[in-house]
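The UniProt record's numbering puts the first residue of the sequence shown at 1, with every later residue one more than the last.
We put the CB at the ideal spot given by N, CA and C, even for glycine.
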Amino acid sequence: MENFHRKPNTFVGQVNINVTNLDSALAFYQDVIGFQVLERTDRKVVLTTDGKTGLLTLEQPIDVTPKEGRTSGLYHFALLLPTRADLSIFLQHLLQTGYRFGASDHHVSEALYITDPDGNGIEVYRDRPSSEWTWSNGEVSMVTDPLNGESLLAESDSEWNGLPADTVMGHIHLHVSDLQKAEEFYVKGLDFTVVSHYPQAVFIATGRYHHHIAINTWQGAGAQVPKKNSVGLNWYTLVFPNEEARGKAMEQLQEIGASVIAESDFFVTEDPSGNKIRLVV
């Protein structure tokens with residue numbers, strides 16, 4: 001795996017989502033996706049792949065409501081596997097479980113798409129080497145072609161044993177209400193760079209990755225912010241390389257009129273569509 005998810009880049013670290021039933025959601029995330037439990041309380045579970053770092057947190061609010069349509073929030077979070085062989089093993093596992101999934105070849109990556117029992121979107125993918133990506137006029141070429149499943153399955157015949165320890169949160173893809181305002185927030189506020197455009201979508205990154213964050217208006221321009229207790233995204237973290245980079249981003253956010261609130265050991269902001277972000281170092 002290359003260095004797009006470590007210093008000096010800013011990247012997505014952890015995602016926190018609401019579910020309607022913690023026990024059934026946990027069974028899915030352990031048995032189908034392959035996470036391990038790091039911490040558990042009555043209404044919250046922190047999931048890990050290496051036994052040390054939380055990647056995904058599931059929460060069941062007391063008065064939880066089902067996922068709402070035509071709102072901003074999570075389209076999918078994306079788990080980046082270290083190698084193509086790892087994705088091959090995961091594909092074989094999905095076929096054995098019989099769980100429904102989609103698949104695409106984006107040229108920069110190969111991806112499998114799954115929806116959890118509550119409708120939260122998940123991508124599990126592997127990157128092609130960045131030396132094979134095509135850049136033109138500052139943008140990386142990404143497509144949505146059919147995945148060559150036979151080629152991928154032939155990559156490995158190893159047994160599935162859950163997600164590899166060095167799996168990372170590769171990117172997050174969000175529904176927003178106003179593409180231009182969201183782009184300004186992430187570029188002028190958080191120092192990301194636009195690396196690709198797609199119909200009603202923008203892909204942004206640091207360090208010339210194909211994208212750490214994607215934003216779209218596929219739920220319709222003007223999509224409403226979902227209720228706090230509904231299924232979907234609570235917050236995600238952006239990991240900055242150092243205090244200086246985070247401080248610069250916080251100043252820029254305030255300059256464009258975004259609020260930044262201090263919490264215990266992090267700061268919280270939200271994009272113009274109400275997607276909450278924890279800024280950590």
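Reduced DSSP secondary structure (H/G/I, E/B, other) of residue i
i: GLU39; result: strand
i: VAL187; result: helix
i: THR97; result: helix
i: TYR29; result: helix
i: GLY149; result: helix
i: ARG6; result: coil
i: ASP127; result: strand
i: SER24; result: helix
i: SER88; result: helix
i: SER109; result: strand
i: residue 283; result: Nothing can be reported for residue 283, as the shown portion of the chain is limited to 1 through 281.
i: VAL19; result: coil
Classification of residue i by the beta-carbon crowding that lies within 10 angstroms, buried from 16 upward
i: ILE70; result: It is Arg, not Ile, that sits at residue 70 in the sequence shown. By the 10 Å Cβ count, ARG70 comes out exposed.
i: SER151; result: exposed
i: VAL202; result: buried
i: ARG6; result: exposed
i: LEU233; result: buried
i: ASN148; result: exposed
i: TYR198; result: exposed
i: GLU183; result: buried
i: ASP116; result: buried
i: LEU95; result: exposed
Contacts around residue i, its chain only, beta-carbon distance under 7 Å, and the 5 residues preceding and following it disregarded
i: HIS106; result: MET142, VAL143, THR144
i: VAL260; result: MET250, LEU253, GLN254, PHE267, THR269
Cβ-based neighbour list, residue i, same chain, cut-off 6 Å, excluding 5 preceding and 5 following
i: THR237; result: GLY13, GLN14, ARG278, VAL280
i: ALA111; result: SER104, GLU123, TYR125
i: GLY220; result: ARG70
i: TRP160; result: ILE89, HIS93
Identified DSSP bridge partners for residue i
i: ILE122; result: PHE77, ILE114
i: GLU139; result: SER136
i: GLY102; result: TYR113
Sequence-distant residues of the same chain with beta carbon closer than 8 Å to residue i, five excluded per side
i: LEU87; result: LEU81, GLU110, LEU112, VAL124, TYR125, ARG126, LEU152, GLU155
i: ASP178; result: THR217, ALA221, GLY222, PRO272, SER273
i: ALA78; result: ALA111, ILE122, GLU123, VAL124, TYR125, MET169, GLY170, HIS171, ILE172, HIS173
What beta strand (DSSP E) runs, 3 residues minimum, are completely inside the UniProt domain "VOC" (168 to 281)?
Here the runs fully enclosed are 168 to 175, 193 to 198, 201 to 205, 213 to 216, 232 to 239, 267 to 270, 276 to 280.
Enumerate, from N- to C-terminal direction, the unbroken beta strand (DSSP E) stretches of 3 or more residues contained entirely within the segment 45 to 79.
Within the segment 45 to 79, the runs of beta strand (DSSP E) at least 3 residues long that lie entirely inside it are, in chain order, 54 to 59.
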